[in-house]
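As given, the protein sequences belong to chains E and B, one line each in that order. The first sequence begins at 1 in the numbering used here and counts up by one. The second sequence begins at 232 in the numbering used here and counts up by one. Cβ coordinates follow ideal geometry from the N, Cα and C atoms, glycine included. All values derive from a computational prediction rather than experimental measurement. Here is the structure we will look at, set down as structure tokens.
2 protein chains.
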Amino acid sequence: MNIAVLGTGSVGQALASKLVALGHTVKIGTRDVAASKGKTRPDGWGNPAIGSWLQANPAVELVTFAEAVSFSDGLIVHAMNGQAAIESLKSSNSKNLDGKILIDITNPLDFSKGMPPTLFVSNTESLAEQIQATFPTLKVVKTLNTMSNPVMVNPSLVPGNHTVFMSGNDTVAKNTVRQLLQSFGWADINIMDLGDISTARGTEMILPLWLRVWGKVQTPFFNFAIHVAQK
Amino acid sequence: MNIAVLGTGSVGQALASKLVALGHTVKIGTRDVAASKGKTRPDGWGNPAIGSWLQANPAVELVTFAEAVSFSDGLIVHAMNGQAAIESLKSSNSKNLDGKILIDITNPLDFSKGMPPTLFVSNTESLAEQIQATFPTLKVVKTLNTMSNPVMVNPSLVPGNHTVFMSGNDTVAKNTVRQLLQSFGWADINIMDLGDISTARGTEMILPLWLRVWGKVQTPFFNFAIHVAQK
């Protein structure tokens, strides 16, 4: 498929690499193409800047948000900064979003109050719901937002049966995303469809716990699992 | 030990039963002893009312909050309605709380906006932090609040290694609570100390996801586990 990835950080890079490895054609969308290409300094975690990453991944083209969304023939991966999400999607020319699936990986992190980050929307609403309400013809599926990006695209990094959650209003769209997750290596039994898009409140709100667990286990190669008694 | 359990619902009942079975002496505290004793109608989940439960559990005495807290020689289990928590603790005669450990199991659930419940405090604060700030000489340890009450006191109901989190400012108090959890059947490896009391934000905020997973797995006999890659 022709897939748009919106966002140039480590999550967008990880998803783009995986999608290319699976045979898809990927364009990454960004606000300012020239500025992004000029970035070569790794981030605070040692992840490559998008400029360096593109040189190492010549199959992926960096384009504007509008060009990326227009290029997509059905799937758009949303891996942007949460606070920029809705404005960036608006700038992508909303009619190009019609009927497409937005795989929303982004959490509504607010770093303005210091570390650890808080959430700029939570409890009575979620970022996923805000996006869905702003773009009613887009099919928003929240998923993959409860783990580090290496685990998203390579679940076997973590032992045993562990879980990826999924929230969305459109059953057909969720089935498409389920198939994509399976192509990443997620066993069907470990893909938990929680229900409509309002259930994304639950997965976005797990982030404060995720951050504390990360501090405790001292590796990003972990994930939540749901252990259930046999009936 | 002489242990106070504050709260007459199914969580308080489960904890009181387990503590008695382990050889402790337990008094349950409530606002209005006579009114509580008169309750015999099971709740919406089929759990017995406290009046019926007391008849079946004659070893446990029902007393006022103040009498229960005064009876405790070190441990107080907090299993009240979250919205009543601070007022109820104030009514228990605060100086009786001095230096004691409050095992805080209660989540800040707000049912006023319909189902599923939201949280009346979250994100930038937690109920556990509010209690700790209101009663500085009390040693608040948040734990057990991320699972159903049968699993709290019988972790073997759920298969495999699954996790109970713990948050609190006092290391000695957390060690005492860790030993109590071990006496409930929790393996030491499955007790995760997340850090100071502010980390309770993370575990209180997991509840919206817990409720959705409950709806999905259709049994309360489940729990979160953290799967971590071997280093």
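CB contact check: residue i to chain E, cutoff 8 Å
{"i": "isoleucine 457(B)", "result": "yes"}
{"i": "proline 348(B)", "result": "no"}
{"i": "lysine 268(B)", "result": "no"}
{"i": "asparagine 205(B)", "result": "The question about residue 205(B) has no answer, for chain B in this structure spans 232 to 462."}
{"i": "lysine 447(B)", "result": "yes"}
{"i": "glycine 277(B)", "result": "no"}
{"i": "glycine 345(B)", "result": "no"}
{"i": "leucine 440(B)", "result": "yes"}
{"i": "threonine 256(B)", "result": "no"}
Any chain B beta carbon closer than 8 Å to residue i
{"i": "arginine 178(E)", "result": "no"}
{"i": "leucine 157(E)", "result": "yes"}
{"i": "methionine 205(E)", "result": "yes"}
{"i": "asparagine 229(E)", "result": "Before going on, a small fix: residue 229(E) reads as alanine here, not asparagine. It does; some Cβ of chain B falls within 8 Å."}
{"i": "serine 122(E)", "result": "yes"}
{"i": "valine 11(E)", "result": "no"}
{"i": "proline 108(E)", "result": "no"}
{"i": "arginine 41(E)", "result": "no"}
{"i": "methionine 192(E)", "result": "yes"}
{"i": "arginine 31(E)", "result": "no"}
{"i": "threonine 219(E)", "result": "yes"}
{"i": "valine 213(E)", "result": "yes"}
{"i": "leucine 127(E)", "result": "no"}
{"i": "glycine 51(E)", "result": "no"}
{"i": "glycine 168(E)", "result": "no"}
{"i": "leucine 138(E)", "result": "no"}
{"i": "glycine 195(E)", "result": "yes"}
{"i": "glycine 160(E)", "result": "yes"}
{"i": "threonine 199(E)", "result": "yes"}
Cβ-based neighbour list, residue i, same chain, cut-off 6 Å, excluding 5 preceding and 5 following
{"i": "isoleucine 206(E)", "result": "Thr146"}
{"i": "serine 357(B)", "result": "Ala431, Arg432, Glu435"}
{"i": "tryptophan 53(E)", "result": "Gln13"}
{"i": "threonine 70(E)", "result": "The identity of residue 70(E) in the sequence shown is serine, whereas the question assumes threonine. Excluding sequence neighbours, serine 70(E) sits near Asn96."}
{"i": "serine 183(E)", "result": "Leu22"}
{"i": "serine 322(B)", "result": "Phe296"}
Alpha helix (DSSP H) segment containing residue i, residue limits
{"i": "methionine 152(E)", "result": "149-153"}
{"i": "alanine 287(B)", "result": "281-287"}
{"i": "glycine 12(E)", "result": "10-21"}
Outcome for residue i when other beta-carbon atoms lying within 10 angstroms are tallied against a minimum of 16
{"i": "valine 308(B)", "result": "buried"}
{"i": "tryptophan 210(E)", "result": "buried"}
{"i": "glutamine 461(B)", "result": "exposed"}
{"i": "asparagine 107(E)", "result": "buried"}
{"i": "arginine 41(E)", "result": "exposed"}
{"i": "valine 389(B)", "result": "buried"}
{"i": "serine 198(E)", "result": "buried"}
{"i": "glutamate 87(E)", "result": "exposed"}
{"i": "valine 172(E)", "result": "exposed"}
{"i": "tryptophan 276(B)", "result": "exposed"}
{"i": "asparagine 354(B)", "result": "buried"}
{"i": "asparagine 454(B)", "result": "buried"}
{"i": "aspartate 312(B)", "result": "Aspartate is not the amino acid found at residue 312(B); the sequence shown has asparagine there. Asparagine 312(B) should be labelled exposed."}
{"i": "threonine 137(E)", "result": "exposed"}
Close-in-space but distant-in-sequence residues of the same chain around residue i (CB under 7 Å, 5 per side omitted)
{"i": "isoleucine 191(E)", "result": "Val164, Met166, Arg178, Leu181"}
{"i": "phenylalanine 111(E)", "result": "Pro117"}
{"i": "glycine 185(E)", "result": "Asn154, Pro155, Ser156"}
{"i": "valine 11(E)", "result": "Ala79, Ile105, Asn149"}
{"i": "alanine 225(E)", "result": "Gly160, Asn161, His162, Thr163"}
Delimiting residues of the beta strand (DSSP E) encompassing residue i
{"i": "alanine 265(B)", "result": "First-last for alanine 265(B): 264-268, but that is the alpha helix (DSSP H), not the beta strand (DSSP E)."}
{"i": "histidine 24(E)", "result": "Histidine 24(E) -> no beta strand (DSSP E), and no H or E assigned at all."}
{"i": "threonine 64(E)", "result": "61-64"}
{"i": "phenylalanine 455(B)", "result": "453-459"}
{"i": "valine 236(B)", "result": "233-237"}
Cβ of residue i within 8 Å of any chain A Cβ
{"i": "glycine 202(E)", "result": "Looking for chain A here will not work: the only protein chains present are E and B."}
Residues near residue i by beta carbon distance below 8 Å, same chain, minus five either side
{"i": "aspartate 196(E)", "result": "Ser167, Gly168, Asn169"}
{"i": "valine 382(B)", "result": "Leu388, Val389, Pro451, Phe452, Phe453, Asn454"}
{"i": "proline 439(B)", "result": "Pro347, Thr349, Leu350"}
{"i": "alanine 49(E)", "result": "Lys39, Thr40, Arg41, Pro42, Asp43"}
{"i": "phenylalanine 366(B)", "result": "Leu320, Ser325, Leu328, Leu333"}
{"i": "isoleucine 362(B)", "result": "His309, Ala316, Ile317, Leu320, Leu333, Asp335, Leu369, Val371"}
Every unbroken beta strand (DSSP E) inside the region 134-218 of chain E [3 residues or more]: 139-143, 164-168, 191-195
Completely contained alpha helix (DSSP H) runs for the region 68-111 of chain E, where each covers 4 or more residues: 85-91
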